Structures are given as C-alpha cells and as structure tokens.
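Visitor:
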C-alpha cells in the first residue's frame, strides 16, 4: 500500500505483455466518464506525477485521478487546435499516438496497439469522442468479489469488480480497475485482476476505479497441513487470536522470555525506566506463580507510568504552536498541558472522559466569569513564580488544546481525526487520496462541527464590551501579581479564553478578526472551506465520518463539539476505541494490529480483526479503563514472548510470533543512561529549566523545555525526540531509528563520557561498596543490562578488566562497553 | 514475508544521519541517482539570509539615474563586459571561475523571508500547510548517494535556519549534522579521541567486541542488531581516523590562511570572524570528503541602513568566498564541487525605510555558481536600467534546483516516499534547466 507508484510502473510494464488474459468484454461504445477516464487512471495518465499535476505535463493537464471528467474532456478536445483527438482518423489522434508510444512521449509507452485499453480509447474516438452526462456516472457503490479468500500457494484467483452507478445501472469494471497488492511476498495481481498466490501470509488487494476504492483480503496457508505445532499455554483471549492465526499459517511462536528479560522489558515499557539491581535480584528469587502479574500491577501504579503516557499523549495531541510570532515560544503552555494530562493519567480517569474534557474544553467550564478569572490569575501566578502548573493541572478541561494555532474548521477536524480517531484526513484537503476513502465532502462536513470555537484575542486590545469585561475581571483577580504580570494581561493573558460562540456572533466575529481568525477560506461564510491549488470547496452540512445522515442543529449556543463526543462514544463507532487500543498495542508489541498505528483507513485492514474487535469491546465494557487495557496486553503470552526467533517465525513481523526488538525512545534512553551513571539531569553544564523541580527526569519533564542549545537538547534530538509540530499529522514524527550519530554520542560525547566516571555517580558507589572484582562486575551488569553476567561473559570481562591500569579504569571500561551495547540500547 | 522484513530492516538500519547504511543493494531499487558520471560530486551552499542587495554586489548599475545607482562604484572584472561592485575586488579577479545569474527569482512580489527561504532551499513552493515538508538539497544528497566513509553526508556549519534544514519528509535520518556555536566544542570533542586516551579506547573496543561476539553466539543474527553493530563499527572507525575532528580543527590552518579568509587581521568585520571561519571549515569539510556543506554568512535584512550593511558584510564575503574558490581550484576540487552563493531575495534598488537609508525586500536578486560543471565568466539574464525588473531569460527557483540536482547527478523527477508513505517528486514543478549556466 505504501509504494503506490513503484507498483504502478511494475504493473504497467505488464499491460503490454499480457493481453491474452482479457476476460470482460471491451465496450464498443465506451462512455468518457465510465470507461475513458478509468483507462487514464489505470494507465497513470492523470496521476500527480504526470498530467494530473497542478500545471499539467507536456502541455496537457488532466484533473487529478480523474476527479473532473467534463474538464478533462474539454481540455482533450479543445486545446492544441483539436489535434489530440481525430474523429475522422482515430489512430492519428495525438493522445493515442502518445499513449501507445507511436510518437515520442515523455511518459513512455503506456499501452500497446490493440490492447483492450487502447481499444476502449479508440472506440470512444470512433463513436464521436462525446462527453456523456457525467452526473449519471457517479459511483454509488463498488463490490469486489471474492471479498475475502483463503488460499494456498500457487492458487489462482480471479477478482471481479462490479460498480453500481447513481442512475441504477451496473457494470463489470474489472478491466478498468487498477489493482494493487499490499504484501507482494504473498501474492501478485495482473491488470485484469488475476491474482497469483505466491507465499504463506496475508495481504489486502486494493481495487481502484475513479471515485471509488474497494478491497479484497487474502489469507494464504501452507500447502501441507501443520504437523507439529507446539503446545503453548494461552494467558488470555489475546493469545487465542494470535495463536489461531499462527496455526493457520503454521508459524511457530517463540518461547516465553525468561524472568530477567521480562522484568527489564516490562519496567521499561510501563514506567520508562530500568529496574534497579535490587529489583532484579528480588524478582529473580521470587518463586510465586503470579509474580509477573503482580509486577505489572505495581508498575502501572507508578508515577512514571503516568509520565510516560502523558509524554505519548503530548506526541499525539501536539500541544504546541502557541502565540505565533512570539519568541521564545510559550513552552509553559506545553507544561500546563503535560501536567494536566499527567494528573488525569495518575487518577486513571476513563479515557472517554479524558477525551471529552479535551475535546469539549472551554475556559470557564460552566463557571462564572469571576470564578474563572480567579483560577486564571492563580494559574498566571504559578507561571510568573516559576512553579509547576498546579492550578492548571487541577482544572476540569484542557483548554490550552484549543489555544494552539490551527484550532478551527478544517485544520482542527484533521487534528481531531488524527488524535482521537487514528485517521489521516489531510489529503482530502486537496483531493481524494487514491488509497483512502475520504472525499473532500466528508472532511468539510466533519469540519463544520469545529467552526464555533474562537479564543478571543486582545493582542491589539479588547475589541468590544465583553472582551473588556474579561480583561477587567482578570486584572482584579491578579491584583497581587508583580507589575510585569499585570502588564501581560491584555497582551498575553487576554487570549486565554476558549468559549463557544453563537451562530449570529460568528459572522460578526469573523468579519472583525479577518484572516487571523480562520486559517482557510471560511472568512466570508463561517462554513468549512478548503482552498488548494486544485480549487476551493465549501460545505454547509454537518456529518460524522462514515455516516450517511447529516446532523441538523439549530439550537444555537450548543457546543457542536459535544455531538462529536457523543458520536465517538457510540459503541459501534468504528474508530474511537480502536484508535487508542491499537496505539497502546503498538507501544507494547512494536507494530499495530493496524499498522501504521495511526492509519485506521478502511483500506488498511487489521492483521487480526477479531483480536482488535475483542480488545476494543473489552475496553469499552470496562468503561474505557486504560489500565485494564495495559494490564490485559501485558499479561498476554504474546507480550511475554522471547525476542529470540525460531526457524519458522524468523521473518514474521505481522503476526506477533516473537517479541519485536526496539530502540529505547529518546527520553527513556537518556533517563536510563543517567540512572545507570547515577547522576541527574542537572549534571555538568546542563540546567533544569525554570519552573521544573531540580532533579526532574526528562520523561517527567516531557522534555518540553529543552529546545535551546544545551547538550541535553542535542542528545534528545539525536535520539529522535519529536518537535510535536502542530502542522504534522503523523505519529511517525517520533523517530526510533538507530543512527550513526547516536553511536558516536554514546561512544564519545564529552557529556556522556563524564557521566560514566562522575565522582558522585553509581560507579564510585559500586567501587566503594564492593571489594571483589567479581562482585563489581556483577553489579555493573545488573545496573545496566538488568541481569547478572553469564559465566562466559564473566570470564571475558575479567580478562579484559585486568589489563586496565587500575580497577577503577577497568570498571569504567566495562560500564562504557555495556552502555554502548545492544543489550542496553534496545528493549528486547 | 521477506519484503516486510527487509523494509523494517531498511527503516532501522538503512537510514542515518551520516548517510551510512547497510549494504547498498537494499536501497538501490529506490535510488534517485542519475547517470553515473555527473559533473559535481560535492556542493557548498553559502547562504546570505535576509536578502543581500543585488545592485550593490553582482548586478551593479553604474549608468542608472542617480537615485537608483547606489553608493558603490562598479569595477571591471577579469572577464570583459562583466562588472561587479567595488566591494568585491577579489571576486572581480575570479569572474572567469563563476556564473552570475541575474534573472532567477521566486516571483514572490511580497518577498517574504520565511516562504522564500523555504522555496530557495528546497526548490519547491509549499502552498498548503500540513503537507509534507520538502527536504533541502543536502538531505536529498544524503538520501541519494552512497555514504562516504568516515564523514557525514550533510553538515551545517552554524545553527541558523535549523528547523527548515532539519525537518523534512525524508525523516531524521537524512537531517544534517549541525555544528552550532554552542555545540561546536562538544561535537568536536565527540569526534576526537585524544592521543592519550587511545590505549583505553582500544581496550574499550576490545571488550565491547568480545562481549558482542559472545552475545551473538547466543542470539541469532537479528538484522536490526546486526545493523547497529555495523554503525557502531563505522563510528569507532571514524573516531580513530579523526578525519572529521581534523576537518573542524582550525588550529591546523596557517595564520596567513585565516587572514586570507578574513577570519583575522585588519579586514575582520562585525560578525565577520564567525562567518569567515565557517567558510574555512566548509572548505576543510569538503576536503575531508563531506558531500554537502551548508553555512550562513551574516544577516542581510538592511531595513535600517543599506550602505553600512554592505560595507560591513561584503568585504568578508569577498575574502572568504574568493579564498574558497582559489583553494578548491588549487586542490583540484573545484571541477567537481559546486559553490553556490545566494540569499532568498534581493533588495529595492532605491532607498526605502530607515529614514531614507534603508532598503526593502525585493524579488529580483543574484545567484553566483562556481565549479561543479558550471560555466566560468558567464552572466545569465539581465535586469532593467535600475536592477528592478528582469528583462532577459527569466527563471524560477525550480530551474535553479533542477539544474543543481542535474549537475549532482540526481534526477529531479525522482519520486521519494515521505515518512508517512506518500509518493512525492524531488522537484515538483517542471521547469527548464538553466542551460546557459552549464559548461
């Protein structure tokens, strides 16, 4: 699915070769909209890289992916003096000569003379090159058969695509579709929809016809029945689903991991820290059968678990981009959001309630102006006194979420879609994405729920009486602030209030605030609008994604965001619960049941649909209890498998047959480094930012203040801490790649080096406390890789350490080696 | 299922800041490399951010009416018919080494620093927010070329324009190694193993290798771990070879050279030391084999006082860039190295703002290109009598970008996959190459 155009080329070269397997009839009187445009799409003529480009290519411009057949027809017939289409002598039509490579064509030969595609284009010319009534050819639905199929290698399956048009007519469009296999190790497909099964596994096959996308799924089982599938103990329903699939594929799961590996893995994954040497020892001698479950429960209640997920939610929500144009950016707003999220996670607030308090946030939370102003003043005092945002974190709703840039209309619909529904709607701003199902209309209809959430701005002074009242109230409550704080009220504090505006005020507000208020073309109408190089579109309807009925709402001051919340809470909502369940799963298992985890497009099917269904249903049944979700996944055998693979699962990634090794994330890795070295963030030249308690770890500080030029910033960036750019709509911003710069940092950055030999650090303590070298070696192993050395490792280490000029240097060499080892950098 | 594994492998192991990767076959299929023999193998971009006055440098108008002529004389160069400003005497003697383009522009009448910088440094105009961020030339080079041994693919000297240079749809693996003022010392130390520490470093490497080997006896060859082992080995090699550390160490330059570049001596201008030193470091990085160097000289947004700004900045540019071209030529590197000197816009060739002494943003500007297969002693395009409007051979930024990539042997039409899996062309708009500039 990812490599649309590479696949394109591969398939195109086959177009020329495999005419012999044409199945459906070539229409003798093809319609422009139903046949000719689809052929353009299939051959790639109207793709974004060719004539579908905004300015066209080689003088010919077609609408992107054939979105506008009438325009395409006009351009094809009327431009370049009509030379493109020659009704009297069809074969001399320039567009046919180009497509068939008869005359030089920058795009090369796209089809062969006499092929069915060529024949369709030619027949259309012969019949007069007419434009049919385009509206009749809008597709109502598409049916791909067989929709799902189980097969064995070397099987052949003929896919069939049938569409129903709005005028009620149906047609077999198999030959007009573009087919694409998701996993090309499993199957291949030709231009006529003939699937050739190649290997064991599963895949989707995307079928595209202009304006419509369909999908078929395929599971391929081994030719011979599984013989010696190992007997494994299921821990819970998760394992049932995973093992069922593995049995079908005859892929054997890995063993359960050992206790030391489990402890390190789960401590890092749940609390973002390493277990201490004492914890490792205690866990290894514990003989009770339920020790893993008990450890999971204990870890879930640690404050660092809340800190870890507050950090994750900061990544997902991207609470950045405040007060544009001010420098330095207001990172205290980020800190407010982080602390608010951390507090909710510590309380283990139900996920749907937490989202409601974010999504429908207002500043006053239903209180009087006076009450709110008092809170705002106390909150401002926290900021000015450089304290943690304790007032803010006790608030009911997270209103700073709405104080970012891009919090109205289409921009925010895209952000809400990504954060809470796991959808990528941004392509629909300009065009219908070839691999997605959202037309612009859906995005615009959804955006209309987010049109009435202004935050009033007094950057240039209060605009009206109501604004002036707010400023006055704030000033009264903030009387005891230093003069600096009072002065800041109209300038910075004035843009504090998030509230829902009435329809009749919206137009006026919009007119006054002008372009700064709405980010796109909604200025004149107050309805969702997108403007792109492909034109401007607007809609006045409100409709939920995937729903067919529009929502009507005339009751004026009602917060329409609440409708979205109600819709998300419907148990049958296809995205809301699944999005978070899938993200939590991906956090623990290294990839989503739907992967990438933030792409819940109906065309990106889950690897284990029943598992995702049952987990989501269980999550809803347990009242959206996040800890239930974490606990259920962590207790599964699937999570507790070894990362060591066997002959049958070595290449598996999709089916969770072994534990997926991954690099520690930036904050976790650097905190772990400090933990091992026994130093805190304050070490050396680095400073804890104002407003944070000294000794705070990077994870607990959400790493948000480190944006300047310190070695901590450098380290965080090197290990892929995300900017959380409000413009980016993708979980992929956090980078977990392994790079050479990271290897250099760990090997030789002066700051990292100094920590190892810090006089107040852990190594100094070990040297002091333990006299024998064997003990010292064991302690260093326990502290870094959370396990004692194997006898062989002990022997190797002893030999090397002896060569050092002193025991101290010997131990430093060992600590350095382990901190640079894969066992430290990866969670496995 | 192999493809998935390979792709994961590629994702973890195949991309890196230092362009250093696992075996090249893994990405050969997606490589945008053009012909094997390209004129340019390296490039240095000297960025004059803020909008340097074109009229007072590479597009002088000595015969313009007095109100448009400016304060500086035009002087002849070593190429008949080409004149530059008197502020650039050394560049004037090297005019046979470079092309001056006077007709390439963003076409942005409002001349916005942010948008135009983005446009020039990526070759693409970003029209719709929240669409993928285009990569700058250095990141594309890092992505397209096999990594050099022992040095990074893309280095930025100085920390400016960092966000723009760091973030792109190619992902963090192709971001530059950035030497900011504050980090400079630490990074230099990071790349250096002092002589006295070498014995201990060797012991460290022996132990980690022995432990890794022991570990691998138990583990199977997990590709991800294997990949990291290779990075680590290359990192250790780099530390021991010290090529990067030496390249960054200006103490290895003679005082005479520091003076030639304008970094010391009488011609040391306000802010000039840092800027001139960056150019010298840039030359040393090119010599060490770094494929792409980006650096910034000064700030050029002369709203308050155009002439003072010119007097302060241009002499340093003249010294540093002329020395760079001379040195690259003398070392035989100029032939295969593009030297680009430009900013994101020009300035009004008449006083505007600053109480009649300032100059304002203006979309007409200059670009100077030397080496790497570009012509020497050429001028492309022309402006009107007062250097305001382009009158000959108008080009847009895409033409510049496409020409640069073509010279570097990178196909500007190559389609990359963004980090979120969307296909996108290196240079989106199809515009003609600036053939007049190519030798």
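Protein chains in written order, with the numbering used here: chain A, 36 to 863; chain B, 312 to 750. Glycine is no exception: its CB is placed at the ideal position from the N, C-alpha and C atoms. This structure is a prediction, so every number in the text was calculated from the model and none was measured.
Where do the N-terminal and C-terminal ends of the alpha helix (DSSP H) with residue 859(A) fall, by residue?
Guide: 857-860
Visitor: Count the other CB atoms, across all protein chains shown, that sit within 10 Å of the CB of residue 574(A); report buried if there are 16 or more and exposed otherwise.
Guide: buried
Visitor: Should residue 279(A) be labelled buried (16 or more other beta-carbon atoms within 10 Å of its own) or exposed?
Guide: Exposed is the label assigned to residue 279(A), since fewer than 16 other Cβ atoms lie within 10 Å of its Cβ.
Visitor: Cα-Cα, which of 706(A), 755(A), 748(A) is closest to residue 731(A)?
Guide: 706(A)
Visitor: Does residue 778(A) have its Cβ less than 8 Å from a Cβ in chain B?
Guide: yes
Visitor: Starting from the Cα of residue 688(B), find the closest Cα among 607(B), 404(B), 729(B) and give me that residue.
Guide: 404(B)
Visitor: Could you check whether the Cβ of residue 784(A) sits closer than 8 Å to any Cβ belonging to chain B?
Guide: yes
Visitor: What are the residues of the region 65-95 of chain A that lie near chain B, defined by any Cβ-Cβ distance shorter than 7 Å?
Guide: 84, 90, 92
Visitor: Are any of the Cβ atoms in chain A nearer than 8 Å to that of residue 773(B)?
Guide: Residue numbering for chain B in the displayed model covers 312 to 750; residue 773(B) lies beyond these limits and cannot be assessed.
Visitor: Can you tell me whether residue 218(A) sits near the ligand ATP, meaning its C-beta is under 7 Å from at least one heavy atom of the ligand?
Guide: The model on display carries no ligand, and the ligand ATP is accordingly not part of it.
Visitor: Which residues in chain B have a C-beta closer than 7 Å to the C-beta of residue 851(A)? List them in chain order.
Guide: 515
Visitor: Give the straight-line distance between the Cα atoms of residue 598(A) and residue 485(A), rounded to the nearest whole angstrom.
Guide: 10 Å
Visitor: By Cβ distance, which residues of its chain are closer than 6 Å to residue 621(A), with the 5 residues on each side in sequence left out?
Guide: 627, 632
Visitor: Between 732(B), 744(B), 738(B), which has its C-alpha nearest residue 634(A)'s C-alpha?
Guide: Nearest in C-alpha terms to residue 634(A), of all of 732(B), 744(B), 738(B), is 732(B).
Visitor: For chain A, is any of its Cβ atoms less than 8 Å away from the one on residue 574(B)?
Guide: no
Visitor: For residue 539(B), name the three-state secondary structure that DSSP assigns.
Guide: helix
Visitor: Decide if residue 834(A) is buried, meaning its Cβ has at least 16 other Cβ atoms within 10 Å, or exposed.
Guide: exposed
Visitor: Quick check on residue 120(A): buried or exposed, where buried means 16 or more other Cβ atoms within 10 Å of its Cβ?
Guide: By the 10 Å Cβ count, residue 120(A) comes out buried.
Visitor: Please work out which residues of its chain come closer than 6 Å, Cβ to Cβ, to residue 600(B), disregarding the five sequence neighbours upstream and downstream, and give them in chain order.
Guide: 459, 462
Visitor: Please list, in chain order, all residues of the same chain as residue 379(B) whose beta carbon is under 6 Å from its beta carbon, the five residues on each side excluded.
Guide: 660, 661, 697
Visitor: Does DSSP put residue 480(B) in a helix, a strand or coil?
Guide: coil
Visitor: Nearest-angstrom Cα distance between residue 553(B) and residue 753(A)?
Guide: 21 Å
Visitor: Give me the residue from 455(A), 516(A), 342(A), 675(A) with the minimum Cα distance to residue 609(A).
Guide: 455(A)
Visitor: Would you check if the distance between the CB atom of residue 651(B) and the CB atom of residue 357(B) is smaller than 8 Å?
Guide: yes
Visitor: Taking DSSP's pairing of strands, which residues face residue 191(A) in a bridge?
Guide: 231(A)
Visitor: Could you work out which residues of chain B lie near residue 827(A), taking near to mean beta carbons separated by less than 7 Å?
Guide: 525
Visitor: What in chain A is Cβ-close to residue 504(B), meaning under 8 Å?
Guide: 783
Visitor: Could you have a look at residue 650(B) and say whether DSSP puts it in helix, strand or coil?
Guide: Residue 650(B): strand per DSSP, three-state reduction.
Visitor: Name the residue from 444(B), 423(B), 396(B), 373(B) whose alpha carbon lies nearest to the alpha carbon of residue 734(B).
Guide: 444(B)
Visitor: Name the residue from 166(A), 144(A), 75(A) whose alpha carbon lies nearest to the alpha carbon of residue 101(A).
Guide: 75(A)
Visitor: Decide if residue 699(A) is buried, meaning its Cβ has at least 16 other Cβ atoms within 10 Å, or exposed.
Guide: buried
Visitor: Between residue 691(B) and residue 413(B), is the Cβ-Cβ spacing less than 8 Å?
Guide: Contact: yes.
Visitor: At 7 Å on the CB atoms, spell out the chain A contacts of residue 719(B), in chain order.
Guide: Near residue 719(B) there are no residues of chain A at all, since even the closest Cβ is about 21 Å away, more than 7 Å.
Visitor: In chain order, what residues of the same chain have a beta carbon less than 8 Å from the beta carbon of residue 613(A), not counting five sequence neighbours either side?
Guide: 457, 629, 635, 647, 651
Visitor: Sort 515(B), 632(B), 388(B) by Cα distance to residue 573(B) and report the nearest one.
Guide: Of the candidates 515(B), 632(B), 388(B), the one whose C-alpha sits nearest the C-alpha of residue 573(B) is 632(B).
Visitor: Can you tell me whether residue 644(A) is helix, strand or coil according to DSSP?
Guide: helix
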